[in-house]
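In what follows, a single structure is set out as structure tokens and then discussed.
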Amino acid sequence: MPFWLVLTRGIMRSAPAGYGKRGGITCRIQPAVERDFRMSSVSLGHVAAQNEPARPEPAQPQPVPASTGLLTCGGGPLRLMAVHAHPDDESSKGAATMARYVREGVDVLVCTLTGGERGDILNKAMERPEIRADLPGIRRAEMAMARDILGVRQQFLGFVDSGLPEGDPPPPLPAGCFALQPLEVAAGPLVRAVREFRPHVILTYDENGGYPHPDHIMTHRVSVEAFEAAADPDRYPDRGEPWQPLKLYYFVTFHRARFTALHEKMVEHGLESVYAERLAAWADEDDDPSGPEHEITTNVPCADYFELRDQALSAHATQVDPNGPWFACPVEIQREAWPTEDYHLARSLVDTDKPEDDLFAGIREKVRL
Ligand SMILES: [Zn+2]
């Protein structure tokens, strides 16, 4: 049985009531194979450049301070913000999309709400005392590598990882963690980031978090709050000048149609599919109380950037097993079977025809360059 299937089931069993449930790969992957962490961002960038097909040089990412200082929004006329719970989430959901838009001149900012402090070491090769002693620092360094590979900007919003409560019954969440914050406290830094960066489009998780982790659920809540409140001068008045984002999307990443296509293509090529058991188990989840998957409204072609996505994911070395399920399906198979990353358009203030193939559909025409 593929490990991630076992793991997902385990998490589903232990997820506290109310956190929702949705099939799919989780953030948590078991360690397995040796990996040399001592890769610098320079060496990773070099690998990325070597493996990448000829294309324009990626925009040089500008580190975004976590302070409340004004962000420099120069660069691209269109701006995309991806809101995530932990470092590594940006590389497993929408990473190829971001890599593509950056290289097309869009200014892309990843907002990471927590530092991932309570993430475990999920790669045995990284189970070393010096890494265990400074996991938050290591995860920041990993995030910086992934940021540089994707070419995005990135900002930590300063909350503390809630951890994934496991057990029956699950233990209470730790005091002071992100998921326990009152909504206005939790959303304040994101409202400020929206007003400073002024995104046209925001990406985030659906109401189930896409994964039953309390930080993912909270990330959804604060993203919706920021989308709705950022333009209102009476709300969060100390968090900057009002700005109205135009579209809000949910990631639809680990969905059945995609896994079915990947499975069938692997079989067609004579490969042993890693998805068979997952798909079989999916049938048992049809009565999933969290409800059906959101409709996919938007397929963004980004297959040319799947290698960059994988390199960014690999940069999160404490979290990702290089021989694990993330990389079990050859990229060429993925390109053939499912060459897009997919989204659900949850809110839009512009007219757009669905299905879309561009997150900025309906916006490009309106934004003055
Ligand atoms: Zn996460």
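Numbered by this note's numbering, the letters in the sequence shown go through residues 12 to 380 in order. For every residue, glycine included, the Cβ atom is placed at its ideal position computed from N, Cα and C.
Keeping to the same chain, check which residues put their C-beta closer than 6 Å to that of residue i; ignore five residues upstream and five downstream.
i      : result
Asp353 : Val263, Ile307, Asn310
Leu191 : Leu184
Ile374 : His211, Leu257, Val361
Leu370 : Val212
Compute the distance between the beta-carbons of residue i and residue j, then report whether it is under 9 Å.
i      : j      : result
Tyr260 : His355 : yes
Glu138 : His327 : no
Met156 : Ala323 : yes
Ala93  : Thr215 : yes
Is any non-hydrogen atom of ligand 1 found closer than 8 Å to the C-beta of residue i, if you look at the structure I gave you?
i      : result
Asp226 : yes
His231 : no
Ala326 : no
His266 : no
Tyr222 : yes
His95  : yes
Asp99  : yes
For the beta strand (DSSP E) containing residue i, list its first residue and its last residue.
i      : result
Leu168 : 164 to 170
Leu161 : Unbroken run through Leu161 is the alpha helix (DSSP H), 146 to 161; no beta strand (DSSP E).
Thr271 : Thr271 -> not in any beta strand (DSSP E); alpha helix (DSSP H) instead, spanning 267 to 279.
What three-state label does DSSP hand residue i in the structure shown?
i      : result
Ser102 : helix
Phe189 : helix
Val94  : strand
Glu68  : Model confidence at Glu68 stands at a pLDDT of 44, short of 50, so the residue's coordinates are unreliable and nothing is read from them.
Asp118 : strand
Tyr261 : strand
Val361 : coil
Pro312 : strand
Ile8   : The question about residue 8 has no answer, for the chain in this structure spans 12 to 380.
Tyr112 : helix
Which same chain residues end up closer than 7 Å to residue i when comparing Cβ atoms and leaving out the 5 residues on each side of it in sequence?
i      : result
Pro312 : Pro350, Thr351, Asp368
Tyr316 : Ala107, Ala110, Arg111
Gly105 : Ala93, Leu214, Phe262, Glu352
So residue i is in the alpha helix (DSSP H); what residue range does that whole segment cover?
i      : result
Leu290 : 287 to 294
Asp228 : Here residue 228 turns out to be Ile, not Asp, going by the sequence shown. Start and end: 225 to 240.
Pro200 : 194 to 208
Leu324 : 317 to 326
Val342 : 342 to 348
Return no unless some Cβ of chain D is closer than 9 Å to the Cβ of residue i.
i      : result
Pro333 : In the displayed structure, chain D is absent; only one protein chain is listed.
Go through its chain and collect everything with a Cβ distance to residue i's Cβ below 8 Å, but skip five positions before and after it.
i      : result
Glu141 : none
Leu120 : Val75, Leu82, Arg90, Leu91, Met92, Ala93, Val163, Arg164, Gln165, Gln166, Ala204, Phe208, Pro210
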